[in-house]
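Take a look at the structure below.
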Amino acid sequence: MRATLIYGAGDVRVETVPDPKVLEPTDALVRVTRACICGSDLWPYRSMPVSERGERIGHEFLGVIEDVGTDVEGLSPGDLVVAPFVWSDGTCDFCREGLQTSCRRGGLWARGGIDGGQGEAVRVPRAQGTLVKLPPTEDPALLASLLSLSDVFPTGYHCARTAGVDPQTTVTVIGDGAVGLSAVLSAKRLGAERIILMGRHDERTALGREFGATDVVAARGEEGIAAVRELTGGDGTHTVLECVGLREALETAFAVCRDGGTVSRVGAPQYGELPMGFPVFMRNITLTGGVAPARAYIDELLADVLEGRVQPGRVFDRTVALGDIAGGYRGMTDRTALKVLVCP
Ligand SMILES: [Zn+2]
6 MRATLIYGAG DVRVETVPDP KVLEPTDALV RVTRACICGS DLWPYRSMPV
56 SERGERIGHE FLGVIEDVGT DVEGLSPGDL VVAPFVWSDG TCDFCREGLQ
106 TSCRRGGLWA RGGIDGGQGE AVRVPRAQGT LVKLPPTEDP ALLASLLSLS
156 DVFPTGYHCA RTAGVDPQTT VTVIGDGAVG LSAVLSAKRL GAERIILMGR
206 HDERTALGRE FGATDVVAAR GEEGIAAVRE LTGGDGTHTV LECVGLREAL
256 ETAFAVCRDG GTVSRVGAPQ YGELPMGFPV FMRNITLTGG VAPARAYIDE
306 LLADVLEGRV QPGRVFDRTV ALGDIAGGYR GMTDRTALKV LVCP
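In our numbering, the protein residues as written are 6 to 349.
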């Protein structure tokens with residue numbers, strides 16, 4: 006089969022790799038029908054040292070089951086399924102607590118001999134715990150929204166949930182990438198009435214307004230902080246959803262958070278130390294967030310997607326064939342594409 010490999014910064018290639026098959030009784034083999042490129046795939050795409058062998062990449066996909074191991078129940082060949090961006094057994098204590106990203110027998114795609122999502126097929130370990138069965142559909146818009154359940158929508162939702170967004174809280178979302186826009190949609194779903202989106206790309210913030218943002222602040226740094234404070238009577242918002250992952254974004258998050266409020270971060274952190282010294286301490290600000298247990302949220306969000314109450318798949322603004330995935334990476338890196346859908 007063909008799959009995407011990354012050989013270093015700026016160098017992704019589609020190559021022929023061994024066909025995956027069921028190896029363990031708990032495996033399933035999924036033929037990928039939709040995959041996508043994640044903002045977090047851009048970190049290695051920008052900075053990975055040159056590798057002679059190339060590494061598999063991709064962790065968001067949905068597709069059709071072709072084969073299952075003898076221990077897999079409830080999933081059969083022909084079923085449409087979506088995979089969260091971490092695989093998990095569904096039975097350990099962490100999985101039962103809804104923290105499948107800490108599964109004692111789980112792991113990441115495209116690591117340690119496990120297939121990546123950006124290919125024609127994937128051997129799914131712990132398939133019964135990992136995969137979520139979907140009703141059959143060929144509706145492209147619905148498939149895009151179902152694919153967003155793999156990572157981007159639950160990640161935005163995790164940000165809003167861990168921040169404690171509810172109808173009484175005001176919200177600032179930092180970042181107008183696909184996760185930031187998903188966080189806006191999530192805050193709206195949780196009942197927030199005031200949602201300030203910090204972002205400076207017009208077409209993205211326009212989608213943010215359709216997702217529920219009430220105000221947009223394009224300025225960054227001190228000017229952006231002043232703008233959010235002005236919109237909130239000088240105080241900032243009760244919750245701040247940091248969806249970028251850079252230190253400056255986190256500093257802005259603390260600066261626009263109301264005293265006693267909560268900052269949640271879901272952007273993969275590109276910083277080593279937290280800017281959380283004495284001034285933040287004196288303001289009783291809570292920091293929460295982290296990697297999203299997407300598997301837990303799929304159960305909660307699936308009905309809304311299937312019934313069309315939310316359309317998180319609108320974050321996809323470009324579709325490429327697997328063979329053209331390098332162009333998709335370039336488009337997301339140079340920001341001509343918000344999020345790229347891949348059709349193997
Ligand atoms: Zn587990």
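Heads up, the beta-carbon is just placed ideally off N, CA and C, and yes, glycines get one too.
query, result
"Chain-ordered list of residues that sit, by beta carbon, closer than 7 Å to a heavy atom of ligand 1", "Ser-93, Asp-94, Gly-95, Thr-96, Cys-97, Phe-99, Cys-100, Gln-105, Cys-108, Arg-109, Arg-110, Gly-111 and Gly-134"
"Of the listed residues Leu-195, Val-221 and Thr-96, nearest to Val-170 (C-alpha basis)", "Leu-195"
"Straight-line gap, Thr-96 to Val-233 (C-alpha atoms, nearest Å)", "44 Å"
"Among Ala-168, Asp-72 and Gly-213, the one whose alpha carbon lies nearest that of Gly-351", "Residue 351 falls outside the range modelled here, since the chain spans only 6 to 349, and no answer is possible."
"Contact with chain E by Arg-58, beta-carbon distance below 7 Å", "Checking the listed chains, one finds no chain E in this structure; it contains a single protein chain."
"Integer-rounded CB distance, given that Gln-123 should sit under 8 Å from Ala-299", "The Cβ separation is near 17 Å, so there is no contact."
"Limits of the beta strand (DSSP E) - the one that Met-337 falls within", "Element bounds for Met-337: not the beta strand (DSSP E) but the alpha helix (DSSP H), 330–338."
"Residue burial classification, Lys-193 (beta-carbon count within 10 angstroms, cutoff 16)", "buried"
"Asp-94 and Arg-116 closer than 7 Å at C-beta", "no"
"As assigned by DSSP and simplified to three states, the class of Cys-41", "strand"
"Buried or exposed by the 16-neighbour rule on C-beta atoms within 10 Å, applied to Thr-21", "exposed"
"Strand pairing of Cys-262, partner residues [DSSP]", "Thr-242"
"Distance between beta carbons of Gly-112 and Trp-92, contact taken as under 8 Å", "6 Å"
"Extent of the continuous alpha helix (DSSP H) to which Val-189 belongs", "183–194"
"Whole runs of the beta strand (DSSP E) within the stretch 27–81, excluding any shorter than 3 residues", "33–41 and 66–73"
"Which residues DSSP lists as bridging Thr-177, in chain order", "Ile-201 and Val-245"
"Minimum C-alpha distance to Asp-16 - residue among Ser-52, Asp-24 and Pro-25", "Ser-52"
"Test item: CB-CB of Leu-47 and Asp-72 under 7 Å", "no"
"Buried versus exposed call for Asp-264 [16 or more other C-beta atoms within 10 Å across all chains shown]", "exposed"
"Residue environment, Asp-304, which counts as buried when at least 16 other CB atoms sit within 10 Å", "exposed"
"Cβ shell of Ala-224 (< 7 Å), same chain only, five flanking positions each side left out", "Ala-232"
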